[in-house]
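Okay, so here's the structure we're looking at.
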Amino acid sequence: MKLRIGIISANWGALAHLPAWRAVPGVEVVAICTSRRETAEAAARKHGIERAFWDAERMTADPGIDIIDCGTRPSIRHAMVLSALRNDKHVYNGIPFAANIDHARDLRNAWKASGKVAVVDAFSQWLPAHRLANEWVGEGLLGTPFGGSCSFNLSLFNRPQPQFPYNWFGQAGQGVSALRNLGSHALHMIVFMFGKVEEVVAHDARLLDEWRFSDGNVTRPATNDFACLLLRMRSGMLMQLQVSWSATVAQGWRFEAFGSNGRLVASAPSFPTSRDTALHAGTLAIGRLEPVPIPQRLLATPEVSAGADVDPQPVYPMSLAMNRMVRAIRGEGSVAPGFEQAWFVEQVLEAARRSAAERRWVKIQEIS
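Our numbering puts the first residue of the sequence shown at -2, with every later residue one more than the last.
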């Protein structure tokens, strides 16, 4: 019997999540929800979806739906995800996981109590270059890991456009910032590659006090757009992290690590994707970094109908995460990344918030 999906969001949910679900065997998207009847019904007609909802509570309570995919703003989707879990639904939740540590704790507790399968949309660990890098770290290419750095810098608001769909990133109370958004993706990758963080010291601030739009309008953002963190891993390894969505002439994504034997570098000109993320590696024996070809087995798989060349680019890694979720629901293994990893990333984010405010190292164990 097919698992039935309900998607909350007709924007990114319809553009990327819908084709990703349709690439996964054994599921069917049966419903879509927006905040208004006319937009919900229009989205259902446009995308060939059977049912339209304009009340998320009704969707999460519907017995004809097995999985709720919720990709709205973190401040809004909190109640939706809680409702889904309390109504015995499996959940695919967006990034950031929650608007703050209290909401994150609520979601984790509700998930634990529900016994359902829950995944967070930090799909970067499913990108081919990142999966290969993770394999090589596991096989010991680095030797003993010593240190590394991750930078995720975008130029979203240096010359912003009025029609950009995420201009609400500047609004207070939405649970967003460069650290919460871009930093969440980066921290999921760091945990995926090197395990748990022990403690953190952080600086979190705002670079641009004004966003000047091409139509002459000016916005004064109430959110932070720049953060630097130093992470001490439980292994003793040190990782540096810098994120900004207001970086001048930004260079996108770079993830680098070195150890006693080698070095790995994954990079992309903007948000990391299957097509654009390049991998370089080097060892003491080679003496230099060299480009690494990505094997075909990571660019396509018979498990899903999408491949690394599909557009939009997030569809392929999303479909792999969703497929793992479906298999877990059927009792075939565990999910990645799940709510437990998402909760840990939220603990790191809260430790960074406290560190920036109190100007000290903060241990993750302080956040409970």
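Beta carbons are placed, not taken as given, at the ideal position from N, Cα and C, and that holds for glycine.
Is it buried or exposed for residue i, if we count other Cβ within 10 angstroms and need 16 for buried?
{"i": "Pro292", "result": "exposed"}
{"i": "Ser374", "result": "Since the displayed the chain opens at -2 and closes at 365, residue 374 lies outside it and no answer follows."}
{"i": "Gly154", "result": "The identity of residue 154 in the sequence shown is Phe, whereas the question assumes Gly. With 16 or more other Cβ atoms within 10 Å, it is buried."}
{"i": "Gly145", "result": "buried"}
{"i": "Gln160", "result": "exposed"}
{"i": "Arg285", "result": "exposed"}
{"i": "Thr245", "result": "exposed"}
{"i": "Ile283", "result": "exposed"}
{"i": "Ala353", "result": "buried"}
{"i": "Ser232", "result": "exposed"}
{"i": "Lys86", "result": "buried"}
{"i": "Met322", "result": "buried"}
What whole-angstrom Cβ distance do residue i and residue j have, given they're in contact under 8 angstroms?
{"i": "Ile29", "j": "Ile4", "result": "5 angstroms"}
{"i": "Glu195", "j": "Met230", "result": "6 angstroms"}
{"i": "Ala126", "j": "Val301", "result": "Rounded, the Cβ-Cβ distance is 18 angstroms, inconsistent with contact."}
{"i": "Ile326", "j": "Leu0", "result": "6 angstroms"}
{"i": "Leu176", "j": "Asn221", "result": "7 angstroms"}
{"i": "Val88", "j": "Lys113", "result": "7 angstroms"}
{"i": "Pro71", "j": "Gly172", "result": "4 angstroms"}
{"i": "Ala348", "j": "Asp201", "result": "With 8 angstroms as the limit, Ala348 and Asp201 do not qualify as a contact, their Cβ atoms being about 11 angstroms apart."}
To the nearest angstrom, how far is it from the Cα of residue i to the Cα of residue j?
{"i": "Arg105", "j": "Glu337", "result": "7 angstroms"}
{"i": "Leu295", "j": "Gly135", "result": "16 angstroms"}
{"i": "Gly92", "j": "Gly259", "result": "According to the sequence as given, residue 92 is Ile; it is not Gly. Near 32 angstroms, if we compare the C-alpha coordinates of Gly259 and Ile92."}
{"i": "Ala130", "j": "Leu138", "result": "9 angstroms"}
{"i": "Gln122", "j": "Met319", "result": "13 angstroms"}
{"i": "Arg380", "j": "Thr274", "result": "Residue 380 lies beyond the residue range present for the chain, which begins at -2 and ends at 365; the question has no answer from this structure."}
{"i": "Cys67", "j": "Tyr163", "result": "17 angstroms"}
{"i": "Ser152", "j": "Ser267", "result": "9 angstroms"}
{"i": "Ile364", "j": "Val188", "result": "17 angstroms"}
{"i": "Thr280", "j": "Glu132", "result": "15 angstroms"}
{"i": "Thr57", "j": "Val345", "result": "30 angstroms"}
{"i": "Ala13", "j": "Glu355", "result": "40 angstroms"}
{"i": "Ala265", "j": "Pro60", "result": "42 angstroms"}
{"i": "Ile2", "j": "Ser174", "result": "29 angstroms"}
Taking the continuous alpha helix (DSSP H) assigned at residue i, which residues delimit it?
{"i": "Asn178", "result": "Ala175 to Phe191"}
{"i": "Ile73", "result": "Pro71 to Arg83"}
{"i": "Glu329", "result": "From DSSP, Glu329 is part of no alpha helix (DSSP H); its letter is neither H nor E."}
{"i": "Ala40", "result": "Arg34 to His44"}
{"i": "Arg105", "result": "Ile98 to Ser111"}
{"i": "Val342", "result": "Phe336 to Glu355"}
Terminal residues of the continuous beta strand (DSSP E) containing residue i?
{"i": "Arg229", "result": "Phe223 to Met230"}
{"i": "Phe120", "result": "Here Phe120 belongs to no beta strand (DSSP E), and DSSP marks it neither H nor E."}
{"i": "Tyr89", "result": "His87 to Asn90"}
State yes or no: is the beta carbon of residue i nearer than 8 angstroms to at least one beta carbon in chain B?
{"i": "Asn155", "result": "Any reference to chain B falls outside this structure, which holds one protein chain only."}
(message) Extract the residue ranges of the alpha helix (DSSP H) inside the stretch 238 to 298, only unbroken runs of 4 or more that lie entirely within it.
(response) 293 to 296
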